[in-house]
Structures are given as structure tokens and as C-alpha cells.
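Under this note's numbering, residues 1 to 131 are what the sequence shown spells out, in order. Note that the Cβ used here is the ideal one computed from N, Cα and C, for glycine as well. Since this is a predicted model, take the numbers as computed values, not measurements. One structure below.
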Amino acid sequence: MRRFDDPERFDVLPLLVATHGAIAEFAYDRRRLRPNVVVGGVTGLAERRWEGKILRVGGDRGPVIGVDDLRARCIMTTFDPDTLEQDVEVLRSIHRRFEGKFALDCAVLRGGDLAVGDKVELVDESWARLQ
């Protein structure tokens, strides 16, 4: 993982993080959310309280991720990733059940390698002051 500031990057911030718990609450194919990183071992909607905090991945030398805010979801969530068939109820459900926001807009504060199974630590420290 590395920081990518070129103008052709996509979306709001360069990294989207979701958790297994929130994806289970979502109850649709998680690919509709297009997360870059999925954090396991998190129950329910705990990620909704992570705004402004820091995630450290894989120990002291791993990546450090700044959690900005919850992502306002768009029409892209309504398209089935396999068939491209549209189901607008997906977005309606996100608005009804999650106030239109789901998963976390994040930024890479320190690059590094990460792998499936790496420990992710939530640091109760504001990343805004590190910018």
C-alpha cells in the first residue's frame, strides 16, 4: 500500500475500508461496496464510530490509515457486480438503514505492506493532527 496523489485517482479519498460486521449488516454482495480493505473480527456497525481515528496494520512497520468519514453511497451500489443488472432497492436500503452512508473513506498516512490476516489496531487518536 502506498499513498497515491495523482489526479487520476478515483473517488473521494484513495482508500475505502469496510468491516466484516458492517458487511453482514448490509446483507448484499459486498462487492457492491467496492472496499479496498475489509477488516475482520469487527462486530456489527462498530466502524461507524471510527471517524477521525487511525488504523495501524501489521504492527509498527505496517501501513497507517487515517479514517476520514463514512462514505455517502451512490448509484453504483445498485449494480450487480456479475450481471450489471440494476436493483435500486440496494441504495434505498442504504439510505433507510444507514442514513445513506456505508464503509469508510480513508487515506494512507504511511505506506507499507499488508497481507490477509494482518492484525489491525484501532488507535483512539485523531489523524487530522498528523496531516
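- Per DSSP, Glu89 lies in no beta strand (DSSP E); the unbroken alpha helix (DSSP H) holding it starts and ends at Glu89 to Phe98.
- A distance below 6 Å between beta-carbons, with the five flanking residues on each side excluded, links Val57 to the following residues of its chain, in chain order: Pro63, Leu114, Asp118 and Val120.
- When rounded, the separation of the alpha-carbon atoms in Gly52 and Arg61 is 21 Å.
- Excluding its 5 nearest sequence neighbours in each direction, Thr77 has C-beta neighbours in its own chain below 6 Å: Arg32, Val90 and Leu91, listed in chain order.
- When DSSP states are grouped into helix, strand and coil, Glu125 belongs to the coil group.
- A check of alpha carbon separations from Asp82 across Arg30, Pro35, Ile54 and Asp124 identifies Arg30 as the nearest.
- Residue environment: Leu15 is assigned as buried (16 or more neighbouring CB atoms within 10 Å of its CB, all protein chains considered).
- If the five residues before and after Ile23 are omitted, its C-beta is found closer than 6 Å to the C-beta atoms of Arg30, all from its own chain and listed in chain order.
- Here Ala72 is not near Gly44, since their CB atoms are 8 Å or more apart.
- A straight line joining the alpha-carbon of Ile75 with that of His95 spans about 11 Å.
- Note on Asp105: 16 or more other CB atoms within 10 angstroms of its CB, so buried under the neighbour-count rule.
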